[in-house]
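Sequential numbering of the sequence shown, starting at -14, is according to the working numbering.
Beneath this line is the structure, given in structure tokens, with notes to follow.
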Amino acid sequence: MDRRIWVIIIAIILVLSFGFGFRLYEMGRNITVENGGQTNSSGVATIGGPFTLVDQTGKTRTEQDFRGQYMLIYFGYTYCPDVCPTELQAISNAMDLLPQDIAKQVQPIFISVDPERDTVAAMADYVPHFHPRLIGLTGTLEQTSAAAKAYRVYYAKAFEDGEPKDSDSYLVDHTSFIYLMGKDGTYIRHFNQGETPEKIAEGVAKVVENQE
């Protein structure tokens, strides 16, 4: 057989072998749980962790303040024109749909990814537009970065073409999930952008009822 044909055959075998091996590696590394959350090989999701931020009243808050409660956490910013208010309203409506005995165990939280504009005063003006129990958290650039990193949240300023980089007129690209965290602060599941309040309430209620 022509030597070039052998080279081509061997190359194809190597490519297929690599692809199959990589697929097996990915399957072993990423275990997809029923609710769509991503876990590591030990079966524990690497989402969540310590944070130190300030709420809309100016009070310093850490993750320890919410121990003993489930948390519904959304990362966004007050200047967000559409997605953030839509998701926060979905959380608010879901809270209203939950049975009272379950709702009182759940703390809705909004964490800003735009600390330069989302001051305590800005959060105090914005948060009341949603659920009365919603807590808005902001902080320094470093505190915001640490919280986002703990929850694997991506965010970055997005300027219009020709807009100076020091302008206050910008959008923020960011991860848009609603995280449900357990009473001990561990990740349970997340809800994708656009999930209905009914589905969120159903998912939260199922978790709480199963863990009681």
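Glycine residues also receive a C-beta, built at the ideal position from the N, C-alpha and C atoms.
Discussion item. Relative to the C-alpha of phenylalanine 60, which candidate in Ser161, Ser77, Val68 and Asp40 has its C-alpha closest?
Written reply: Closest in alpha carbon position to phenylalanine 60, among Ser161, Ser77, Val68 and Asp40, is Ser161.
Practice prompt. Provide the residue(s) that pair with lysine 142 in DSSP beta bridges, ordered along the chain.
Written response: According to DSSP, lysine 142 bridges with Val157.
Worksheet item: Do isoleucine 120 and glutamine 85 have their C-beta atoms within less than 9 Å of each other?
Response: Contact: no.
Worksheet item: In whole angstroms, what separates the C-alpha of serine 130 from that of glutamate 101?
Response: Approximately 12 Å, taken between the alpha carbons.
Worksheet item: Roughly how many whole angstroms lie between the Cα atoms of proline 117 and proline 182?
Response: If you take the alpha carbons of proline 117 and proline 182, they lie about 16 Å apart.
Discussion item. According to DSSP, is leucine 126 part of a helix, a strand, or is it coil?
Written reply: Per DSSP, reduced to three states, the secondary structure at leucine 126 is helical.
Worksheet item: Out of curiosity, what's the CA-to-CA distance linking alanine 106 and threonine 47?
Response: Those two C-alpha atoms are separated by around 19 Å.
Worksheet item: When we look at the beta-carbon of threonine 123 and count the other beta-carbons within 10 Å, is it buried (16 or more) or exposed?
Response: Buried, by the Cβ-count rule.
Worksheet item: Three-state secondary structure (DSSP) at aspartate 81?
Response: In this structure, aspartate 81 counts as helix in the three-state DSSP scheme.
Worksheet item: Where does proline 49 sit, in a helix, a strand or coil, going by DSSP?
Response: Just to set this straight, residue 49 is glutamine in the shown sequence, not proline. The three-state reading of DSSP puts glutamine 49 in helix, counting H, G and I together.
Worksheet entry | N- and C-terminal bounds of the beta strand (DSSP E) containing valine 91 | Where valine 91 is concerned, the enclosing beta strand (DSSP E) starts and stops at 91 to 97.
Worksheet item: Near leucine 83, what residues of its chain come up, given a Cβ to Cβ distance below 8 Å and the 5 sequence neighbours on each side ignored?
Response: Hits under 8 Å: Val91, Ala186, Val189 and Ala190.
Worksheet item: Do you know how far the Cα of glycine 33 is from the Cα of glutamate 180?
Response: C-alpha separation (whole angstroms): 21 Å.
Discussion item. Considering only their Cβ atoms, is the gap separating phenylalanine 36 from alanine 135 smaller than 9 Å?
Written reply: The Cβ atoms of alanine 135 and phenylalanine 36 sit closer than 9 Å to each other.
Discussion item. Let's test the definition: count the other Cβ atoms within 10 Å of the Cβ of threonine 45 and tell me whether it reaches 16, buried, or not, exposed.
Written reply: Around the beta carbon of threonine 45, a 10 Å sphere encloses fewer than 16 other beta carbons of the protein chains shown; the residue is thus reported as exposed.
Worksheet item: Shortest alpha-carbon distance to glycine 53 belongs to which of Asp99, Val192, Glu197 and Gly167?
Response: The residue with the shortest Cα to Cα distance from glycine 53 is Gly167.
Worksheet item: Anyone know if the C-beta pair for histidine 159 and valine 138 falls short of 9 Å?
Response: Yes, the Cβ-Cβ distance between histidine 159 and valine 138 is below 9 Å.
Worksheet item: Quick one: what's got a C-beta closer than 8 Å to isoleucine 87's C-beta in the same chain, skipping five residues either side?
Response: For isoleucine 87, where only same-chain residues beyond five positions count, the Cβ hits under 8 Å are Val189, Ala190, Val193 and Glu194.
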